[in-house]
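Numbering (this note's numbering), first residue to last: 34 to 666.
Backbone N, C-alpha and C define an ideal beta-carbon position, used for all residues, glycine too.
Below is one structure, written out as structure tokens; the observations come after it.
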Amino acid sequence: MKLPSVQYLLNQATTSLKRYPFTIFSALVAVVMSIYLIEQWEKITNALPYINLLLTASIGIPLYFCATIVANKKNYNSKQQTLLYSFTTLILLAVYFSFPGKHTTHNTALPYVKFAIYNITAHLLVSFIPFFDSKKINAFWHYNKILFLRFLLSALYAGFIYIGITLALTSLHLLFDVKIKETLYADIWIVVTGLFNTWFFVSGIPNNIDDLETNNQYPKGLKIFAQFVLLPLLTIYLLILYAYGSKILISWNWPKGIVTYLIICVSILGILNFLLIFPYALLQENKWIAKVTKAYYIILFPLLLILFIAIFMRMNDYGITINRYIILVLGVWLVIVCLYMNWKSKNIKFIPTSLAAMAILSSFGPWGMFSVSEQSQVKRLEQILAKAEILKNNKIENETIWITERLPNLTSIQPLQNESKLTATLHNEVKSILDYLDDYHGFSSISKWYSQNIDSIVTVTDDKKNSLYSNNEAEVYMRSLGLKYEHVSVNNQANELLYDYSADFNSKINQVTGYDYVVQFNKYNYGGDSDVIEKFNIDNQEYILSQPSNTSLNLALNYKDSELKFPLQDLLNQLQGDFDNKPSKLIPLNKMQIKSFNNQFEVMMEIHSISVVKPFTNPAFQNLNGILLIKKK
Numbered sequence: 034m035k036l037p038s039v040q041y042l043l044n045q046a047t048t049s050l051k052r053y054p055f056t057i058f059s060a061l062v063a064v065v066m067s068i069y070l071i072e073q074w075e076k077i078t079n080a081l082p083y084i085n086l087l088l089t090a091s092i093g094i095p096l097y098f099c100a101t102i103v104a105n106k107k108n109y110n111s112k113q114q115t116l117l118y119s120f121t122t123l124i125l126l127a128v129y130f131s132f133p134g135k136h137t138t139h140n141t142a143l144p145y146v147k148f149a150i151y152n153i154t155a156h157l158l159v160s161f162i163p164f165f166d167s168k169k170i171n172a173f174w175h176y177n178k179i180l181f182l183r184f185l186l187s188a189l190y191a192g193f194i195y196i197g198i199t200l201a202l203t204s205l206h207l208l209f210d211v212k213i214k215e216t217l218y219a220d221i222w223i224v225v226t227g228l229f230n231t232w233f234f235v236s237g238i239p240n241n242i243d244d245l246e247t248n249n250q251y252p253k254g255l256k257i258f259a260q261f262v263l264l265p266l267l268t269i270y271l272l273i274l275y276a277y278g279s280k281i282l283i284s285w286n287w288p289k290g291i292v293t294y295l296i297i298c299v300s301i302l303g304i305l306n307f308l309l310i311f312p313y314a315l316l317q318e319n320k321w322i323a324k325v326t327k328a329y330y331i332i333l334f335p336l337l338l339i340l341f342i343a344i345f346m347r348m349n350d351y352g353i354t355i356n357r358y359i360i361l362v363l364g365v366w367l368v369i370v371c372l373y374m375n376w377k378s379k380n381i382k383f384i385p386t387s388l389a390a391m392a393i394l395s396s397f398g399p400w401g402m403f404s405v406s407e408q409s410q411v412k413r414l415e416q417i418l419a420k421a422e423i424l425k426n427n428k429i430e431n432e433t434i435w436i437t438e439r440l441p442n443l444t445s446i447q448p449l450q451n452e453s454k455l456t457a458t459l460h461n462e463v464k465s466i467l468d469y470l471d472d473y474h475g476f477s478s479i480s481k482w483y484s485q486n487i488d489s490i491v492t493v494t495d496d497k498k499n500s501l502y503s504n505n506e507a508e509v510y511m512r513s514l515g516l517k518y519e520h521v522s523v524n525n526q527a528n529e530l531l532y533d534y535s536a537d538f539n540s541k542i543n544q545v546t547g548y549d550y551v552v553q554f555n556k557y558n559y560g561g562d563s564d565v566i567e568k569f570n571i572d573n574q575e576y577i578l579s580q581p582s583n584t585s586l587n588l589a590l591n592y593k594d595s596e597l598k599f600p601l602q603d604l605l606n607q608l609q610g611d612f613d614n615k616p617s618k619l620i621p622l623n624k625m626q627i628k629s630f631n632n633q634f635e636v637m638m639e640i641h642s643i644s645v646v647k648p649f650t651n652p653a654f655q656n657l658n659g660i661l662l663i664k665k666k
């Protein structure tokens, strides 16, 4: 076998570039943006525009590929091609501006959610758009077979090339002590999988896909793989799911949420399997395939019934989320496909076409997954807060007001005033909803409930990259509700409250001049032996604030071989005696301070809020936050 020459490879690469210039250019933009984000991440103050451009360019790869295939198939002239590519570019611009910016959220993961939907839709379009108005089913199947096999081959080549380059760089590092930048491996992976993989993929796509209609050669390996690997696996999965369905009927214990994902995955695996062997069913010796295919789509109906029961139960209990919306849409789509595939006349193009249509329709508008899920979760949060009288007339009662002069430290006059209004279960639901909004939607829909601009507070804490403090968006919003940002154990709901004190900043605002460092500490979980409360560094020296023993509430600040002690138990005893022996009080700030010093430092611990419970035999912190004011001698 004669190996291809370098000149041949260059000619093939040039030909592919001329055929698919916009596809390869999109891949190049995505690669450049990815590498830039990796190399400059620490220096970028707002990563969302770069992430949005990266994701848009990634979607441009299948969209421009689809446009090129259509233009070639229909023999468009230069003017028609210009219009087609311009229309595709407008779609990409709309996609870019549909992604959230920093005015919507500070969560850089949010654009990836929309990207997943758009990218899947774009790849579905690639599979059927060239044959949308064509009845050439055989050409359609062969075209998708080529795409599938080309994808696998491209991934194989890209994987081996990356492994080879990585081993070469590792050898240079180990044998010649050549220093290799760690990010270089990620950069190479991006170039290989993003640019080379795309370029190699498009180089194997035939020019005239209509000629595939006369191709009656079907790879035996594909049939063997589908018949003897995928089909037995599919049978096993179906038996497991039917056994689980029988268990539900016997025990009347309705399905867990994970069963919906299993049903979706098994259903799609089966559809893929029967699509792979579709043309073989037309041969006389393979009539059994058509019968098995029809039986499969009938067998799915009971499983889909379980899916709908499970997803509606989850929606009723916890509202609609993007994941539940997608499961519901896929369930409806599977029902439609099962009904369609049991008709006498059926076209396999219906499968990707219908899925793409449902994906597009559910991705935008007031009926779309993003709007419906956000409204559902905001309404659920509103109902919980209103019933607990935390939200009245669309405003938060006893909102935690942050002292702006102390940002990025989250320091408040009266924190956590609404904590007693919620049960542990409802508290955890509020946290779950806020975390969900942070991950998928942002907080613009609930920001009007607050009297202060929470977004500006998050921006300050977000921009202080060199600060000792870090606050995520959901935490700031929840603590501003007057609630702890933590999962509360339901079993600890009835714990005996020993102490509950908050500093009254209205009585005195302490001056911090004269101190060299201010360190914030927060503790929201129950402690154990040698429980660390806060770690920080000063001049490359680590300092640890901890509770040395779970039998005492006293704290200690350790560094090197030195220790500064803070007799917190004595302070609590004194507060309990000074304030009418009542465990819960608002205390003047100067009464919430403990000083400790040695020959190197003078440290004042300023307690802003503290609550202590007795879950078992020893008291434990339920909440402790404040600051350390440190002065060098």
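| Item | Value |
| --- | --- |
| Quick check on L588: buried or exposed, where buried means 16 or more other Cβ atoms within 10 Å of its Cβ? | buried |
| Between the C-alpha atoms of L388 and V493, what's the straight-line distance to the nearest angstrom? | 43 Å |
| Tell me the residue span of the alpha helix (DSSP H) that contains K169. | Where K169 is concerned, there is no enclosing alpha helix (DSSP H), given that its DSSP letter is neither H nor E. |
| If you check the beta carbons only, do V62 and L228 fall under 8 Å apart? | no |
| For the beta strand (DSSP E) that I577 lies in, which residues bound it at each end? | 574-580 |
| L302 to Q260, Cα distance in whole Å? | 13 Å |
| Assuming Y548 contacts L662 (C-beta within less than 8 Å), just tell me the rounded distance between them. | 4 Å |
| Could you give the residue range of the alpha helix (DSSP H) that holds N664? | Note on residue identity: the sequence assigns Lys, not Asn, to residue 664. No alpha helix (DSSP H) holds K664; the beta strand (DSSP E) holding it covers 653-665. |
| Using a Cβ-Cβ cut-off of 8 Å (strictly less than) and excluding sequence neighbours within five positions of I57, which residues of its own chain qualify? | S49, L50, L228, T231, W232, V235 |
| Apply the 10 Å Cβ neighbour rule to G224 and answer buried if 16 or more other Cβ atoms are within range, or exposed otherwise. | Sequence check: residue 224 is Val here, not Gly. Its Cβ being crowded by 16 or more others within 10 Å, V224 is buried. |
| Count the other CB atoms, across all protein chains shown, that sit within 10 Å of the CB of L678; report buried if there are 16 or more and exposed otherwise. | Beyond the ends of the chain as shown, which are 34 and 666, falls residue 678; an answer cannot be given. |
| Looking only at its own chain, which residues have a Cβ that is under 8 Å from the Cβ of P385, when we skip the five neighbours before and after it? | L157, S160, F161 |
| Would you call the region 203-221 and the region 182-190 in contact, with 3 or more CB pairs under 8 Å? | no |
| For W400, which three-state DSSP category applies? | coil |
| From the DSSP output, in three-state form, read off W435 for me. | strand |
| Buried or exposed, going by whether 16 or more other CB atoms sit within 10 Å of the CB of V128? | buried |
| By the three-class DSSP mapping on this structure, what secondary structure does Y83 have? | helix |
| Hey, could you find the ends of the beta strand (DSSP E) L597 is sitting in? | 595-599 |
| If I measure Cβ to Cβ from Y330 and keep anything under 6 Å in the same chain, skipping five residues before and after, which residues do I get? | C371, M374, N375 |
| What are the start and end residues of each continuous alpha helix (DSSP H) run of 4 or more residues lying completely inside the region 253-330, in chain order? | 253-258, 264-284, 291-309 |
| E407 to I479, Cα distance in whole Å? | 10 Å |
| Which residues in the same chain have their Cβ closer than 6 Å to the Cβ of K568, if we skip the five residues on either side of it in sequence? | I577 |
| To the nearest angstrom, how far is it from the Cα of K420 to the Cα of R183? | 58 Å |
| Where does Q485 fall in DSSP's three states? | coil |
| Check this for me: beta carbons of S582 and V565, under 8 Å apart or not? | no |
| Residues bridged to S38 by DSSP? | Its beta-bridge partners do not exist; DSSP assigns none. |
| Using only the alpha-carbon positions, how far apart do S38 and I198 sit? | 21 Å |
| Relative to the alpha-carbon of A314, which residue among N286, L657, F132, N171 has its alpha-carbon at the smallest distance? | N171 |
| Counting Cβ pairs closer than 8 Å, one from the region 260-270 and one from the region 75-88, do we hit at least three? | no |
| On a Cα-Cα basis, can you pick out the residue from I627, P82, P54 that is closest to S67? | P82 |
| Specify, as a first and last residue, the run of the alpha helix (DSSP H) that S445 falls within. | First-last for S445: undefined, no H or E at that position. |
| Which residue or residues does DSSP assign as beta-bridge partners of A536? | I620 |
| From V405 to P399, what distance separates their C-alpha atoms? | 7 Å |
| For H460, which residues from the same chain have a beta carbon less than 7 Å from its beta carbon, with the 5 sequence-adjacent residues on both sides left out? | L516, V521 |
| Taking 8 Å as the threshold, find out whether the region 343-362 comes into contact with the region 308-325 through three or more Cβ pairs. | no |
| According to the neighbour-count rule (16 or more other Cβ atoms, all chains shown, within 10 Å of its Cβ), is V552 buried or exposed? | buried |
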